[in-house]
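Written out below as structure tokens is the structure these notes cover.
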Amino acid sequence: MSRQYETVIGLEVHVELATQTKIFCGCSTKFGGAPNTHTCPVCTGMPGSLPVLNKQVVEYAMAVGLATNCTITKNCKFDRKNYFYPDNPQNYQISQLYYPICRNGGIEIDVNGNKKVIGIHEIHMEEDAGKLIHDEWEDCSLVDFNRSGVPLIEIVSEPDMRSADEVIAYLDKLRLIIQYLGASDCKLQEGSMRADVNLSVREVGAQEFGTRTEMKNLNSFKAIARAIEGERRRQIELIEEGKKVIQETRRWDDNKEYSYAMRSKEDAQDYRYFPEPDLVPIIISDEWIERVRKAQPELRDEKRLRYKEEFDIPEYDADILTSSKHMADLFEETVAICKKPKEVSNWLMVEAMRLLKETEKEPEDMDFAPENLAKLIELVGDSKINRTVAKEVFELIFKEDIDPEEYVKEKGLMMVNDDGQLRSVIEAVIEANPQSVSDYKNGKEKALGFLVGQTMKEMKGKANPGKINEILRELL
520 MSRQYETVIG LEVHVELATQ TKIFCGCSTK FGGAPNTHTC PVCTGMPGSL PVLNKQVVEY
580 AMAVGLATNC TITKNCKFDR KNYFYPDNPQ NYQISQLYYP ICRNGGIEID VNGNKKVIGI
640 HEIHMEEDAG KLIHDEWEDC SLVDFNRSGV PLIEIVSEPD MRSADEVIAY LDKLRLIIQY
700 LGASDCKLQE GSMRADVNLS VREVGAQEFG TRTEMKNLNS FKAIARAIEG ERRRQIELIE
760 EGKKVIQETR RWDDNKEYSY AMRSKEDAQD YRYFPEPDLV PIIISDEWIE RVRKAQPELR
820 DEKRLRYKEE FDIPEYDADI LTSSKHMADL FEETVAICKK PKEVSNWLMV EAMRLLKETE
880 KEPEDMDFAP ENLAKLIELV GDSKINRTVA KEVFELIFKE DIDPEEYVKE KGLMMVNDDG
940 QLRSVIEAVI EANPQSVSDY KNGKEKALGF LVGQTMKEMK GKANPGKINE ILRELL
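To convert, note that position 425 of the sequence shown is 944 in the numbering used here; the numbers rise steadily by one, no gaps.
Here you go:
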């Protein structure tokens with residue numbers, strides 16, 4: 520009988536914090552910029568330069584810790600992690616080993632209705648390294664220090680996940696918590712959220728963990744899911760062949776769907792950690808923790824519940840609307856103006872989602888004013904434009920953020936609600952289509968639809984179909 524295996528997964532998630540300046544100096548943290556332009560003696564590791572801690576980094580780390588049910592370490596400090604690597608300017612990294620700022624937390628995930636808490640071992644603060652650019656043309660490597668000194672938090676989970684689905688659910692929940700807090704934009708493609716996967720396999724029922732490997736270079740949820748599947752298969756094959764799994768760091772190549780060994784996995788002692796001599800310990804008072812706790816915004820789970828109760832919106836809609844903080848803000852701001860939650864929800868759920876898909880954009884990229892969506896909803900509600908015109912106008916709001924009232928006036932798209940004018944057009948349509956009239960009188964309901972269409976055509980779409988229907992029935 521073939522053996523059954525269980526996958527055991529823990530994650531190390533690095534998140535770049537959304538501060539304006541770096542963790543220990545005043546340089547900009549903006550993504551992009553010409554190489555080595557966001558730098559100074561501190562973040563390029565010049566001898567004699569001294570770090571000064573950015574207070575906002577501590578507050579963001581505390582906020583994420585509180586939102587993930589961690590205990591805040593009131594007396595924490597930085598440590599020096601020593602290693603030589605070309606993109607590491609000081610030949611050491613300032614991190615936290617002994618007293619990380621947050622410990623013993625956890626978040627609940629839901630995979631197909633099965634709820635489960637994934638433990639968070641710790642969250643610590645550290646600085647990012649620079650970036651190596653490999654120039655194949657010149658056959659050399661260049662280093663860009665713009666990223667060195669950008670503040671990071673590293674969120675280390677317990678080995679509580681058992682499948683790729685659980686990993687993605689955990690990452691998704693973490694990403695939304697951090698985005699809602701405003702602590703980071705968590706863009707995987709820009710590297711502001713990166714996940715390393717620690718994975719081992721063991722026979723079902725075994726108590727001991729298997730030997731784990733760590734996989735790096737994962738910059739999308741799909742790549743993470745594929746890497747987990749690939750590494751699980753590789754380890755099971757080794758065990759089945761009677762070979763040993765080696766503890767090492769591997770690099771996932773998403774194009775080849777294969778991982779390569781990079782280096783044997785180091786342990787903490789290999790880094791010769793010691794307390795960072797250039798920084799004083801951080802003393803966190805109860806008042807400071809309380810201040811950060813009070814400033815916490817409403818997170819996604821609470822928002823979702825409130826939308827269902829306050830706005831009477833179906834669960835599915837509330838899920839989609841809160842799946843991006845920007846989308847939720849847009850929804851709430853528009854509702855505050857027009858007081859029509861169901862209408863706002865419909866426009867965002869149907870038309871906005873369709874256009875996002877067509878233009879291959881993220882909800883964060885929607886940059887139209889809530890006032891303009893509210894005006895459009897009012898125009899439809901007051902029967903000033905019909906749905907067909909409204910869809911066309913919404914597309915322009917989505918793409919160019921136009922003022923719908925001005926546009927509708929300028930293009931003469933207002934609906935004709937003048938009964939006299941409508942009546943005379945309908946009479947002409949009846950006269951021009953005797954066959955359809957006789958079909959309708961012989962019980963063919965479809966013929967009425969044709970006459971409505973003809974009237975709409977004559978009115979260039981600027982009439983209320985309900986009104987046309989009413990007058991047609993009366994005249995026929």
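Just so it is clear, CB atoms sit at the ideal spot from N, CA and C, and this is done for glycine as well.
Here residue 896 is near residue 862, since their CB atoms are less than 8 Å apart. For residue 721, the closest alpha carbon among the candidates 707, 619 and 753 is that of 753. Around the C-beta of residue 728, fewer than 16 other C-beta atoms lie within 10 Å, and the residue is accordingly described as exposed.
Inside the segment 558-642, DSSP marks whole alpha helix (DSSP H) runs of 4 or more residues at positions 574-586, from first to last along the chain. Cα atoms of residue 766 and residue 675: separation of roughly 18 Å, rounded to the nearest angstrom.
Annotated as distal: residue 844 and residue 611, with beta-carbon spacing of 8 Å or more. Ranked by Cα distance from residue 708, the options 542, 901 and 551 are led by 551.
When beta bridges are read from the DSSP output, residue 780 appears opposite 769. In summary, residue 796 is exposed, with fewer than 16 beta-carbon neighbours lying within 10 Å of its beta-carbon over all protein chains present. For residue 926, the CB contacts under 8 Å within the same chain, skipping 5 residues up- and downstream, are 912, 915 and 932 in chain order.
Closest in alpha carbon position to residue 814, among 571, 581, 556 and 538, is 581. In summary, residue 696 is buried, with 16 or more beta-carbon neighbours lying within 10 Å of its beta-carbon over all protein chains present.
Nearest C-alpha to residue 860 among 646, 826, 668 and 587: 826.
For residue 865, the enclosing alpha helix (DSSP H) begins and ends at 860-865. Just so you know, the alpha carbons of residue 809 and residue 930 end up roughly 55 Å apart. With 16 or more neighbouring CB atoms inside 10 Å of its own CB, residue 643 falls in the buried class. Around the CB of residue 948, 16 or more other CB atoms lie within 10 Å, so the residue is classed as buried.
In this structure, the straight-line span from the alpha carbon of residue 624 to that of residue 677 is close to 10 Å.
Taken atom to atom, the span from the alpha-carbon of residue 573 to that of residue 543 is near 6 Å.
A check of alpha carbon separations from residue 921 across 586, 566 and 894 identifies 894 as the nearest. The Cβ atoms of residue 608 and residue 538 lie no closer than 8 Å to each other. With a beta-carbon spacing of about 6 Å, residue 714 and residue 743 fall inside the 8 Å limit used to define contacts. Judged by DSSP in its simplified three-state form, residue 720 adopts strand.
In this structure, DSSP gives residue 823 a helical state, which the three-state scheme calls helix. Looking only at 960, 974, 536 and 959, the smallest Cα-Cα distance to residue 579 is reached by 536.
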